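According to the numbering used here, the sequence shown is numbered sequentially starting from 461.
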Amino acid sequence: MSDTVADLRVERKPKLSETVIAAIRRQLQAGEIPPGHKLPTEGQLTETFGVSRTVIREALAKLAADGLVEPRQGAGVFVTEHISTMFGALAADMGAKDSIALNVLEVRLAIEIESAGLAAIRRNAAQEAAIQEAFFEFERLLLASEPTGPADLAFHRAIASATNNPFYVEMLDVLGRRAIPCDVTSPWSTELAQSDSYQRGLQREHLVILNAITSGDAEAAREAMRKHLTASQQRYRERLHARQAFYADTVRAAGE
461 MSDTVADLRV ERKPKLSETV IAAIRRQLQA GEIPPGHKLP TEGQLTETFG VSRTVIREAL
521 AKLAADGLVE PRQGAGVFVT EHISTMFGAL AADMGAKDSI ALNVLEVRLA IEIESAGLAA
581 IRRNAAQEAA IQEAFFEFER LLLASEPTGP ADLAFHRAIA SATNNPFYVE MLDVLGRRAI
641 PCDVTSPWST ELAQSDSYQR GLQREHLVIL NAITSGDAEA AREAMRKHLT ASQQRYRERL
701 HARQAFYADT VRAAGE
């Protein structure tokens with residue numbers, strides 16, 4: 461299996477409503493539309509973003525559900541008065557989830573590097589097939605824009621099972637859904653891990669691990685797993701630092 465296989469697949473484009481939501485969020489965070497002020501009309505937003513009214517309504521509904529805007533019957537959609545507090549609370553919540561992800565990754569490093577090496581040596585045909593099946597299920601879900609978390613966990617759990625030491629599996633089971641922050645159905649899911657580009661990067665790293673295990677190269681499997689988990693650690697550290705800086709700025713602005 462070539463290391464370039466995952467790169468040749470077409471990446472999912474974000475939904476139009478997601479693009480609109482991200483753009484309006486940036487405007488709100490930058491204060492371009494102050495608290496209490498009215499957003500442009502649906503027609504104006506349709507022209508600005510070049511999308512249908514249905515897309516605009518979907519985006520506004522999501523922003524309203526997040527408490528960032530407030531529809532007023534017959535008057536339009538307005539920016540929430542306490543938006544600075546809303547963004548601050550959101551940043552704090554996501555920062556806490558990023559911290560949990562970092563703690564879990566530290567534990568996984570201690571477990572999964574060696575489990576990958578042992579799997580390369582000890583796996584049988586059925587176990588190797590289970591690892592491959594989980595890899596391709598992740599790919600299928602990614603291309604279908606469906607949650608990949610269960611397949612991600614299945615991939616790592618199949619590797620642990622291929623060690624033929626039940627305690628590796630038991631340790632992953634203790635972590636459970638916390639082990640996979642890209643599982644959008646999990647209460648520990650993080651904003652970073654929900655992005656398509658992040659998950660595509662994970663899948664490229666999974667491919668390197670898979671190739672090493674199927675080749676029976678224990679050292680390569682250990683190194684691939686080490687790189688996979690430490691890369692995730694670095695991404696979360698950078699994200700957490702950005703969150704902390706944003707939260708501090710938001711709290712400072714709210715007090716002015």
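Even for Gly, the Cβ is constructed at its ideal location relative to N, Cα and C. It should be emphasised that the depicted structure is a prediction, and the values quoted were computed from it without experimental measurement.
When C-alpha distances from residue 475 are compared across 630, 599 and 516, the shortest belongs to 516. As computed with DSSP, residue 682 is found in no beta bridge at all.
Note on residue 623: 16 or more other CB atoms within 10 angstroms of its CB, so buried under the neighbour-count rule.
Taking C-beta atoms as the reference points, residue 683 and residue 691 fail to come closer than 9 angstroms.
By the criterion of a C-beta distance shorter than 8 angstroms, residue 500 is surrounded in its chain by 508, once the five residues flanking it on both sides are discounted. Put simply, the backbone Cα of residue 538 is about 17 angstroms away from that of residue 506.
The Cβ atoms of residue 571 and residue 591 do not sit closer than 9 angstroms to each other. Going by DSSP, residue 536 is part of the beta strand (DSSP E) stretching over 536-539.
Beta-carbon to beta-carbon, residue 594 and residue 615 are separated by about 4 angstroms, close enough to satisfy the 8 angstroms threshold.
The C-beta separation of residue 686 from residue 564 comes to about 16 angstroms, leaving the pair out of contact by the 8 angstroms criterion. In the DSSP assignment, residue 498 forms a beta bridge with 538. Remark: C-beta atoms of residue 678 and residue 580 approach each other more closely than 9 angstroms. In the three-state reduction of the DSSP assignment, residue 606 falls in the coil class, being assigned neither a helical nor a strand state. The criterion of a C-beta distance shorter than 9 angstroms is not satisfied by residue 601 and residue 613.
A direct Cα-to-Cα measurement between residue 560 and residue 674 gives close to 32 angstroms. Secondary structure note for residue 529: it is in no alpha helix (DSSP H), and the uninterrupted beta strand (DSSP E) holding it is 529-532. Excluding five sequence positions before and after residue 668, the CB atoms of its chain that fall closer than 8 angstroms to its own CB belong to 463, 684, 687 and 688, given in chain order.
Here the alpha carbon of residue 661 sits roughly 16 angstroms from the alpha carbon of residue 698. Per the C-alpha coordinates, the member of 568, 695 and 520 positioned closest to residue 483 is 520.
For residue 628, same chain residues with a beta-carbon under 6 angstroms away, outside a window of 5 residues either side, are 575 and 620 in chain order. In the DSSP assignment, residue 493 falls outside any alpha helix (DSSP H), carrying neither H nor E. The DSSP-derived three-state label of residue 575 is helix. Residue 665 and residue 497 have their C-alpha atoms spaced approximately 45 angstroms apart. Residues of the same chain with a CB within less than 6 angstroms of the CB of residue 577, apart from the 5 flanking positions on each side, are 678, 681 and 682 in chain order. For residue 661, the enclosing alpha helix (DSSP H) covers residues 656-674.
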